[in-house]
Structure formats: structure tokens, C-alpha cells
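One structure is given below, encoded as C-alpha cells.
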Amino acid sequence: MSTVNLTNEDNDNDSEYMQTGDMDMMYISTSSQQTELPGGAEQQTMRVYLRVRPFSKEELSDKEDQDCVGIENSQTVTLNAPKGSANMKSSEKGIGMSLHKFSFSQIFGPEMMQSEIFEATVKSQTSDFLDGKNALLFSYGVTNAGKTYTIQGTPKQPGILPRVLDATFQYIGGHLYDGMDLKPYLRNDAQYLDPDQVKQEKSAKAAIFASVKEECEPLRSSGLESCSALTSNPTEADSSQFALWVAFFEIYNECVYDLLQVSLCSKSKKRSSLRVCDDGAGNCYVKDLRWINVLTLAEASKVLQFGNKNRSAAATKLNHSSSRSHSIFTIKLLKIDDSTVTRISEFSLCDLAGSERCNKTKTFGERLKEAGNINNSLLILGKCLTALRNNQTEGMKNSYIPFRESKLTKLFQAVFCGKGRASMIVNINQCASTYDETLHVMKFSAVAKQVVQVIPDKTLKSLAPCLVGRDGKPLVKNGVMDTQALESFLSEEELLDEEDEANMSLATENELANMIESLRTKLLAERKRNLVQEMEIRNEMGDAMLQQLMESEELRSRQIEELKESFEEKLENTFEIYKDAIREHAYQSARNNLEDDYVPFDEFIAEQDKVETLKRKVSELEGLTSSIGGLCAVPTVDQSCQTHPYKSTEAAEKCAIDSICEDKQQLIICLEKRLKDINVRLQNTTDGYLEKSSELDDLQRKSKDQTESMEEILWQNVQNDREIASLKSELAKLSQNSPMLLRPKRGLLANIRDAVTSPRKTSTTRTKRKTAHP
Ligand code: ADP
Ligand code: MG
Numbered sequence: 000m001s002t003v004n005l006t007n008e009d010n011d012n013d014s015e016y017m018q019t020g021d022m023d024m025m026y027i028s029t030s031s032q033q034t035e036l037p038g039g040a041e042q043q044t045m046r047v048y049l050r051v052r053p054f055s056k057e058e059l060s061d062k063e064d065q066d067c068v069g070i071e072n073s074q075t076v077t078l079n080a081p082k083g084s085a086n087m088k089s090s091e092k093g094i095g096m097s098l099h100k101f102s103f104s105q106i107f108g109p110e111m112m113q114s115e116i117f118e119a120t121v122k123s124q125t126s127d128f129l130d131g132k133n134a135l136l137f138s139y140g141v142t143n144a145g146k147t148y149t150i151q152g153t154p155k156q157p158g159i160l161p162r163v164l165d166a167t168f169q170y171i172g173g174h175l176y177d178g179m180d181l182k183p184y185l186r187n188d189a190q191y192l193d194p195d196q197v198k199q200e201k202s203a204k205a206a207i208f209a210s211v212k213e214e215c216e217p218l219r220s221s222g223l224e225s226c227s228a229l230t231s232n233p234t235e236a237d238s239s240q241f242a243l244w245v246a247f248f249e250i251y252n253e254c255v256y257d258l259l260q261v262s263l264c265s266k267s268k269k270r271s272s273l274r275v276c277d278d279g280a281g282n283c284y285v286k287d288l289r290w291i292n293v294l295t296l297a298e299a300s301k302v303l304q305f306g307n308k309n310r311s312a313a314a315t316k317l318n319h320s321s322s323r324s325h326s327i328f329t330i331k332l333l334k335i336d337d338s339t340v341t342r343i344s345e346f347s348l349c350d351l352a353g354s355e356r357c358n359k360t361k362t363f364g365e366r367l368k369e370a371g372n373i374n375n376s377l378l379i380l381g382k383c384l385t386a387l388r389n390n391q392t393e394g395m396k397n398s399y400i401p402f403r404e405s406k407l408t409k410l411f412q413a414v415f416c417g418k419g420r421a422s423m424i425v426n427i428n429q430c431a432s433t434y435d436e437t438l439h440v441m442k443f444s445a446v447a448k449q450v451v452q453v454i455p456d457k458t459l460k461s462l463a464p465c466l467v468g469r470d471g472k473p474l475v476k477n478g479v480m481d482t483q484a485l486e487s488f489l490s491e492e493e494l495l496d497e498e499d500e501a502n503m504s505l506a507t508e509n510e511l512a513n514m515i516e517s518l519r520t521k522l523l524a525e526r527k528r529n530l531v532q533e534m535e536i537r538n539e540m541g542d543a544m545l546q547q548l549m550e551s552e553e554l555r556s557r558q559i560e561e562l563k564e565s566f567e568e569k570l571e572n573t574f575e576i577y578k579d580a581i582r583e584h585a586y587q588s589a590r591n592n593l594e595d596d597y598v599p600f601d602e603f604i605a606e607q608d609k610v611e612t613l614k615r616k617v618s619e620l621e622g623l624t625s626s627i628g629g630l631c632a633v634p635t636v637d638q639s640c641q642t643h644p645y646k647s648t649e650a651a652e653k654c655a656i657d658s659i660c661e662d663k664q665q666l667i668i669c670l671e672k673r674l675k676d677i678n679v680r681l682q683n684t685t686d687g688y689l690e691k692s693s694e695l696d697d698l699q700r701k702s703k704d705q706t707e708s709m710e711e712i713l714w715q716n717v718q719n720d721r722e723i724a725s726l727k728s729e730l731a732k733l734s735q736n737s738p739m740l741l742r743p744k745r746g747l748l749a750n751i752r753d754a755v756t757s758p759r760k761t762s763t764t765r766t767k768r769k770t771a772h773p
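Under numbering that gives the first Met the number 0, the letters of the sequence shown match residues 0 to 773, in that order.
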């Protein structure tokens, strides 16, 4: 028996080891930890909740209930591998355990109501949100585990999202700002809209509402029992007002799509993806994302419904399941004092893509295509959480956190870095058939639960919304946008596209050399990282391909084996039939013979009597003749009687034999025909077998070719690196010799400028192609 404890806490008050029979067990746990930091900030492990979905009727009738999930108490759950699961198989081989124990911030059993979930999970985050802090909620789990049910719910059982919206509207009460002219801008800022822009906003909103049917409003407040007060409402005397804006988008295959674009619904148009940009302060936002100002819960629910419709329409059109995309609903609350936005907070609810690692029902090609991207965001989210956790461990500090490697983590990086609080609801089902995936989900959440977040006590002054240019000049002054300042504010990323006119000759030779050196190091580091990543991806792909090949090979040999068995069986059956037929025939002929020879007993006695009398007569006659002495022998009646029947019996026998012969002849012909048929089928099977074998050979050859080409690409990569290095050194030499003559290419200059962090004055020659006005 081996017991592994992955607890990385000193505080072991909730660690206990369970030992059941000779089962092996693994305990993965961290207890919730809360520490006060100087300055009022708070440090807390990420809250990770578990929700166990009830069985559906179908699952119960499919015997999915095998006691795989055991909720021990409100924080501990045990997973018990069912027979046939990969986990059980490997534990039988001595690899890993068959019993796992996990702890969560709180566990909700199948009987838990939606309102209870809301109260226990995001109620405090909602209060924070209304208080001006940012909040983020993930729902994580495999497809069909209840993620969407938890976030959105049903009309009768509204989920967390409608409850957060309801609580927000309750909080706002009579302090709603319905001017619609103060709109979220970039990530943390707001922008003032002129009357024309307000008109546009209104028509965009009307277009959305027009395409949502009135009668099937999903989240009427009727389904919501009134929440208990979250945060004290703004007092009547308080002149603050609030505006609520919502956005709804999805990330599919590392592309961001707006779910509130009206044109999306039209069949012909291809939907365009949106860019994720940096606002210059390290906060990422979705550029050109549509924000809708909602005034009531009913309006918000219509927006949600519209987005859902768009999402499933897009999924159907592109023939993928919506479970493969992450859908994110973001609510922004703008606090407005004297027509100026004084505070912005954001609550994002993120319904993650199904976490299943490989969908076995798909074809190989489809799976390969998706494997590259589909779960990239999930993979990177996992990597970020692991790195965040590792950074907390002494000796592993400062490990690289790959936030920038996926759209999802890029967008929520700020939350993980102290600008808000994130929590996660892990959804699982209790089905035996998906046990291995469920176990994977639990291991992922065990990591998430160990991530410590720093939560600022109060909304920091620096977080207050304000459009600030690089020169420190606010862009919005009394609701008016300073366009000149805005120009200078445009992020480097946007400027990269423009023709570079900067005069590099201002830099000294030394500065240039340093710059190039630092760029070179950066480039090398980047290349190294890319190479490692590429290798990893290739390895993963290679593994997946190999496994697929092995699977198909196994399948094929199993099919051939099955085919062989079935033919053998058929052959045996046919032989049995022949045997039976021959036996039957023999029996019939024996019976026929018996019938031919059969004489009834009475007749036989009568006949014998006759013979006796005739014999007697003969002896009498003999006596008479000898006494008479007359010698004329006349043929007796007896003789004539005897010869005649003898002749007729002989003919009948011959006749019967003939017919038997004929029957047998026919049987033989029939047997020969069937034998021929079997031979033909056997030949066909052999042909099929040979064909399958040659296909298999082909597949093997292809896989070999692909491995070779992969190696070749890697080799070329190395070559390219070498070439770049040599070019670099030449460039360095050139720049040392004559920096004045150097006119590097636009891309490099842009890179160099990217590295130079010192603010520069807005060049008058810069084109004003890009403007922040929507
Ligand atoms: P996911 O979004 O993870 O793919 P869904 O939320 O669509 O899963 O849930 C799958 C099915 O299970 C839905 O029909 C949903 O109504 C039902 N379901 C999920 N969780 C619960 C629950 N806690 N109680 C009752 N039904 C649930
Ligand atoms: Mg779902």
C-alpha cells in the first residue's frame, strides 16, 4: 500500500488519510488560507468549488451509477475508480492509485439548488463587484457536466449569471443612469459618446431586441427568488448613478468572436474574429467588442439569449459543437458622479470549453486539427495556474507564467495579478464511463485551489478609470475626449503597422549597440521558447498520431480475426447441415426398406397356413402318384404361384435402388454446388484480408514519411537559427562601422522601438489612420 500526499501546506487540519482494504489512495488537498498583507491587501487561495450533477434517467438505466463519487463532507470528496476505467487498469498494474481524495472550498451535491450555489459561491464576489472590484468566475468540467447549467441555468432554475444581474439591478435601484452616453472603453476606461453615437448605440440595441422573441424570455425575474441584500444600496442622498453595460463573446480555436453582432445571424456572411489588444498599461481588451447598455434584467436576459442563439447558429454553420468554445459574458458597472465616470468594475462569467482531452467519436483528422488550438486556452490556463502556484513555493519563484500564450489567459491576466478575484466552479458528473476524464478534471482543480491571489483591500486610486496618454494627460476631461492626446496614447501594437519615420541617427553608437544586444538576447530567448514549444507540440502530435495508428492497426487485426472466426463458424455450420442431411437420408432409406419388406402378422400366419395346407396336399399328391405310379409331372399350382411373386419383388427392389441412387446423385450435385460457393466466399475473404493488410502497410509507410518530414523541419529550423545568428553578427558589425548609414527594415525598427520604453513626442508625420472613436 502506498499513500501519496500532495498537500503543500503546513497547516494540515483537513488532511486525513483514508485506507480502504488493499486499495491504494492519493490525497490531493490544500486548505484555504487567508493572510493579511501590509496596506490592507489580502492574500487568499483561489476559491474552487465542486458541483456534482445528479444522474439523468438515461445514465441510471445505462448503469452509470457505480459509486465512483463519494462526498464525505462539505469539503472532501473521494473518487473511486470503477472496473474497466483506465485508472483502475493502471492501478492494477501497480501504476497510480484507484482511490483519490480531493478537497475543495466547498462541495455541492446533486440535490443542491441554484440559489444555494449562488449564495455560497459568488455572492461575496458580487458584493465586491458592486463595491468597485473586479470579479471572474470560471465554470470548468467536461462537456455535459453542468457548466452552462451552473452559469446560465434554465428559465425555472436561473443560474449564477441572472442572479448576479438581478442583484446588481436591485443594488442600483433608482440610481440608474440611462443617458447611454458614457460607455466602457479599452479595458478599464470609459468614453463619452456624442448624440450621433448614442443614436447608433440605441439602434444596435434595438436590432438585437428585435431578433429575440418576446415570449421565450429565459430569465424573467419570476424565476428568481429575491436575493438577500448584498451590499447596502446607495443612499437616497447619494447622487451617484450607475450604468450597466454587457458584452458576450466566445473564444473558439484561439479566435475571439462577438456574440452580439447582428450580422452573425445571416447565413452567407463569414463571421470575423476580433483582436485582443493591449491598452498600453498591460491590460488586454477585445478590440471592437460590442457593449450593450442594459436598463433592466429583462433586457440583459434578451442580450444573453441573443448571444446564445448566435453561438449555436455559428456552431451549426461551422459544424462544431459549442462545447468546444469558451463563452464569456462580461458585465461592467460604471459609477457616475456629475456626468463623470468615477469607478468601473467588471464581472466576467466564463463558461469554459469542455475539458475532455480527446473526443474519441471524431475522425483522426478532425481530432488532429482541433488538438492544436481548441484547448490551447485551457492548456495555457492550466500552465498559468501551475506557474502561479509554483511561484509561491520557495526555490521555484519567478518561473515564467505564460499568460500571453492564449487569448483567454491574456484577457484575464490582470485578475490573476491582483486586479480582482477569480473563483472556479468545477462541475462533474458521476458516470462510470467518463471516470478517467473526471479524475483529470479533479487534478486540474487541485492545482487551481493552490493558487494564492492578492486582493487589494480598496479600489486603488490608480485603478480609477481615466484615459491617460503616454504624456500623462487625461483624455477625457469633463466628458470630452482629447483626440490629440488619444493619438499619442495609441498602443505600440497599433503603431507597428505604420510607416516608420523616426530618425535613428539621434541615438549614439553605443546606445545602438546596446539596443541591438538586448534585442538579440530577447530574440534568442523568444526563439528558444518557440522551439521548445514547437517541440512539445510536435511531440504531442506525434504521440497522438502514433496512438491513432496503433489503435487503427489493432482495430483492423481485430476485424480480420472476427471475420475469420465468423467464416469458420459458417463453415462448421454448413458441415453440420450436410451431416444432418446425410443422416436423415440414411434414416429415410432404412425406413423405406423396412416398409417394403414389411408383412402384417395376420397375413403372415394366413400365408403360413396356406403353405402348410399346400405342403400337405403335395405330400398327399405324392403319395397318390407313387401309389398310382403315374409319372406325368404337371407344374404345380404352387410353383406357378411362387415364381410370379418372386419376379415382381425383384423389379420393385430394383426400382427402389434406382430412386435411391438418383436421390444420392442429386444430393451430391447440391453439395458440390455449395462447396463451390464456400470456396468463392473464402477467396473473397482472403482478398479482403490482403487488401486490408496492404492498406495497413500504406498507413505505416505514411507515418514513417511524416516522422521523417518532421525531423527535416526541425533540422531546417536549426539551420534558419544559424543563418539568423550570422545575419545578426553582420548587422552588429555594420552598425558599429557606420550607424549613420544604417536604414534597417521597418519590422526591426518597430521591434527596436518596442524595446525603447522612454516616451517620445507624437510625431507630426505619423498618419492618423487609427482613431479610438468607435
Ligand atoms: P455542460 O455545459 O457542462 O456541457 P450542461 O450545463 O449543458 O453541461 O448540462 C448538461 C445537462 O445536464 C443539461 O440538460 C442540464 O440541464 C443538466 N444538468 C446539469 N446540471 C444539473 C443539475 N445540477 N441539476 C439538474 N440538471 C442538471
Ligand atoms: Mg455548456
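Built from N, CA and C at the ideal position, the CB exists for glycine as well.
request  = Could you tell me if the beta carbon of S322 falls within a distance shorter than 7 Å of some heavy atom in the ligand MG?
outcome  = Taking the first residue of the sequence shown as 1, we reach residue 322 at position 323. Yes, Cβ of S322 sits closer than 7 Å to a heavy atom of the ligand MG.
query = Using the rule of at least 16 other Cβ atoms within 10 Å of the residue's Cβ for burial, across every protein chain shown, is I150 buried or exposed?
reply = Here residue 150 corresponds to residue number 151 of the sequence shown, with the count starting at 1. Buried, by the Cβ-count rule.
ask   = Applying the criterion that 16 or more other CB atoms from any shown protein chain within 10 Å of the CB defines a buried residue, is C660 buried or exposed?
value = Walking along the sequence shown from the start, residue 660 turns up at place 661. Around the Cβ of C660, a 10 Å sphere holds fewer than 16 other Cβ atoms; the residue is exposed.
Beta-carbon proximity list for R776, same chain, < 6 Å, skipping 5 on both sides = In this structure the chain extends from 0 to 773, so residue 776 is not present and cannot be described.
task = Give a yes or no on contact between the stretch 325–336 and the stretch 238–255, applying the rule of three or more CB pairs nearer than 8 Å.
result = As far as the Cβ criterion goes, the stretch 325–336 touches the stretch 238–255, which means the pair count is three or higher.
request  = Starting from L135, follow its DSSP beta bridges and name the residues at the other end.
outcome  = Taking the first residue of the sequence shown as position 1, residue 135 is located at position 136. In the DSSP output, where bridge partners are listed per residue, L135 has S347, A421.
task = State the DSSP-derived secondary structure class of Y597, mapped to helix, strand or coil.
result = Reading the sequence shown from its first residue, position 598 is the one you call residue 597. If DSSP states are grouped into helix, strand and coil, Y597 belongs with coil.
query = Under 8 Å between the Cβ atoms of H325 and I424?
reply = Translated into positions along the sequence shown, residue 325 becomes position 326. Translated into positions along the sequence shown, residue 424 becomes position 425. Between H325 and I424, the gap from beta carbon to beta carbon reaches 8 Å or more.
ask   = Can you list, in chain order, the residues of its chain whose CB lies under 7 Å from that of E552, leaving out five sequence neighbours each side?
value = By 1-based counting over the sequence shown, the position of residue 552 is 553. Sequence-distant partners of E552 (beyond 5 residues in either direction) whose C-beta falls short of 7 Å from its own C-beta, in its chain, are L695.
ask   = Taking buried to mean at least 16 other C-beta atoms within 10 Å of its own C-beta, is V255 buried or exposed?
value = Working through the sequence shown from its first residue, we reach residue 255 at position 256. The residue is buried, with at least 16 neighbouring Cβ atoms inside 10 Å.
task = Report whether the distance from the Cβ of T315 to the nearest heavy atom of the ligand MG is below 7 Å.
result = Position 316 of the sequence shown, counting from 1, holds the residue named residue 315. Not a single heavy atom of the ligand MG lies less than 7 Å from the C-beta of T315.
query = Of the choices I171, Q665, V531, I159, whose alpha-carbon is the least far from that of A580?
reply = Stepping through the sequence shown from its first residue, residue 580 is reached at position 581. When only C-alpha atoms are compared, the closest one is Q665.
query = E560 to L726, Cα distance in whole Å?
reply = To locate residue 560, count along the sequence shown from 1; it is residue 561. To locate residue 726, count along the sequence shown from 1; it is residue 727. Those two C-alpha atoms are separated by around 60 Å.
task = Could you say if the stretch 169–186 and the stretch 383–392 meet the contact criterion of at least three C-beta pairs nearer than 8 Å?
result = Under the three-pair Cβ rule at 8 Å, the stretch 169–186 does not count as touching the stretch 383–392.
ask   = Across which residues does DSSP place W244 in a beta bridge pair?
value = Counting from one through the sequence shown, the residue named residue 244 turns up at place 245. Answer by DSSP bridge pairing, in chain order: N292, K331.
ask   = Mapping DSSP to helix, strand and coil, what is Q705?
value = Taking the sequence shown and counting its residues from 1, the one referred to as residue 705 is at position 706. Correct three-state label for Q705: helix.
task = Inspect the beta-carbon positions of L135 and A352 and report whether they are closer than 8 Å.
result = In the sequence shown, counting from the first residue as 1, residue 135 sits at position 136. In the sequence shown, counting from the first residue as 1, residue 352 sits at position 353. With respect to the 8 Å criterion, L135 and A352 are not classified as neighbours on the basis of their beta carbons.
request  = Taking the CB atoms as reference points, tell me whether L258 and R310 lie closer together than 8 Å.
outcome  = Here residue 258 refers to the residue found at position 259 when the sequence shown is read from its first residue. Here residue 310 refers to the residue found at position 311 when the sequence shown is read from its first residue. Yes, the pair counts as a contact, with Cβ atoms nearer than the cut-off.
ask   = If you check the beta carbons only, do V261 and A206 fall under 8 Å apart?
value = Taking the first residue of the sequence shown as position 1, residue 261 is located at position 262. Taking the first residue of the sequence shown as position 1, residue 206 is located at position 207. Closer than 8 Å, so yes.
query = Is D277 helix, strand or coil by DSSP?
reply = Taking the sequence shown and counting its residues from 1, one reaches residue 277 at position 278. In the structure shown, D277 sits in a strand (DSSP, three-state: E or B).
inquiry  = Under 8 Å: do the stretch 108–120 and the stretch 312–324 share three or more Cβ pairs, one atom per stretch?
reply    = Judged by Cβ distances under 8 Å, the stretch 108–120 makes no contact with the stretch 312–324, as fewer than three pairs qualify.
message = If contact is defined by three or more beta carbon pairs under 8 Å, each pair taking one atom from either stretch, is the stretch 156–169 in contact with the stretch 115–129?
response = Cβ pair count under 8 Å is three or more, so yes.
query = Excluding sequence positions up to five away, which residues of its chain have a Cβ less than 7 Å from the Cβ of A447?
reply = Here the question's residue 447 lines up with position 448 in the sequence shown. Excluding residues up to 5 positions away in sequence, M45, V47, L384, M423 lie with their Cβ nearer than 7 Å to the Cβ of A447 in the same chain.
request  = Using only alpha-carbon positions, find the residue among K301, S708, T437 that is nearest to R50.
outcome  = Residue numbering aside, residue 50 sits at position 51 when the sequence shown is read from its first letter. Closest option to R50, Cα to Cα, is T437.
query = What's the C-alpha gap between V197 and R342?
reply = The residue you call residue 197 lines up with position 198 of the sequence shown. The residue you call residue 342 lines up with position 343 of the sequence shown. Rounded to the nearest angstrom, the two C-alpha atoms are 21 Å apart.
query = Would the C-beta of T433 count as close to the ligand MG, meaning under 7 Å from any of its heavy atoms?
reply = Here residue 433 refers to the residue found at position 434 of the sequence shown. Relative to the ligand MG, the beta carbon of T433 is positioned no closer than 7 Å to any heavy atom.
key: For T153, the nearest candidate out of K701, N678, L303 (CA to CA)   = In the sequence shown, the residue the question calls residue 153 occupies position 154. Among K701, N678, L303, the Cα nearest to that of T153 is on L303.
Cutoff 8 Å; reference V275; Cβ partners in own chain excluding five residues on either side = Along the sequence shown, one-based indexing puts residue 275 at 276. Around V275: V255, C283, Y284, V285, K286, K406, K409, L410.
Pairwise C-alpha distance: L733 and P183 = As a working mapping, residue 183 is identified with position 184 in the sequence shown. As a working mapping, residue 733 is identified with position 734 in the sequence shown. The straight-line gap from Cα to Cα measures roughly 48 Å.
message = Using the three-state DSSP reduction, which class does V255 fall into: helix, strand or coil?
response = Indexing the sequence shown from 1 puts residue 255 at position 256. It is a strand residue.
task = Compute the Euclidean distance between the alpha carbons of E567 and T684, then round it to the nearest angstrom.
result = If you number the sequence shown from 1, residue 567 lands on position 568. If you number the sequence shown from 1, residue 684 lands on position 685. Rounded to the nearest angstrom, the two C-alpha atoms are 11 Å apart.
ask   = Any idea if V450 is buried or exposed, counting beta-carbon neighbours within 10 angstroms, 16 or more meaning buried?
value = To locate residue 450, count along the sequence shown from 1; it is residue 451. Within a 10 Å sphere around the beta-carbon of V450 sit 16 or more other beta-carbons, which makes this residue buried.
query = Going by DSSP, which residues form a beta bridge with R50?
reply = The sequence position of residue 50 within the sequence shown is 51, counting from 1. F107, N426.
Endpoints, beta strand (DSSP E) assigned at A189 = Position 190 of the sequence shown, counted from the start, is the residue given in the question as residue 189. Bounds of the beta strand (DSSP E) holding A189 are 188–191.
key: Identity of the residues DSSP links to T44 by a beta bridge   = The sequence position of residue 44 within the sequence shown is 45, counting from 1. Under DSSP, T44 takes part in a beta bridge, and its partners are V451.
message = Based on DSSP bridge pairs, tell me the residues matched to Y184.
response = By one-based count along the sequence shown, residue 184 stands at place 185. In the DSSP output, where bridge partners are listed per residue, Y184 has D188.
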